[in-house]
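Heads up, the final residue of the sequence shown is numbered 74 in this note's numbering, and it's a clean run with no missing numbers.
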Amino acid sequence: EEEAPLVVELPHFIEVEITYTEPGVKGDTATNATKPATIETGAEIRVPLFINEGDRIKVDTKSGSYVERLKK
Numbered sequence: 003e004e005e006a007p008l009v010v011e012l013p014h015f016i017e018v019e020i021t022y023t024e025p026g027v028k029g030d031t032a033t034n035a036t037k038p039a040t041i042e043t044g045a046e047i048r049v050p051l052f053i054n055e056g057d058r059i060k061v062d063t064k065s066g067s068y069v070e071r072l073k074k
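If you want it as structure tokens, here you go:
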């Protein structure tokens, strides 16, 4: 019996919910400023200041980075 290697391809992007992040400060619009956020998988990523708990975002699975906020 020949054993074949197991190949798993992850999607390039996933859609996840923010389960915890500090609220953004109103009026804080620094360009490219980010803050830590925990997503529903338990991973922590950096997100823009305007992202809040409960928001759904798109994450790049290769880099683990924020891509965009999704419409509710």
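All residues carry an ideal CB built from backbone N, CA and C; glycine is no exception.
Predicted model only: the values in this text are computed from it and were never measured.
Please report the straight-line C-alpha distance between Ile-16 and Glu-5, rounded to a whole angstrom. 31 angstroms
8 angstroms Cβ shell around Asn-54 - same chain, five flanking residues per side excluded: Ile-20, Thr-23, Pro-25 and Gly-26
Please classify Leu-45 as buried or exposed, where buried requires at least 16 neighbouring CB atoms within 10 angstroms. Per the sequence shown, residue 45 should be read as Ala rather than Leu. Exposed, by the Cβ-count rule.
If we ignore side chains and look at the alpha-carbon of each, how far apart do Ile-47 and Gly-56 end up? 15 angstroms
Figure out for me which residue from Thr-63, Phe-52, Ala-39 and Val-18 has the closest Cα to the Cα of Thr-33. Phe-52
What's the gap between the Cα of Pro-13 and the Cα of Pro-50? 23 angstroms
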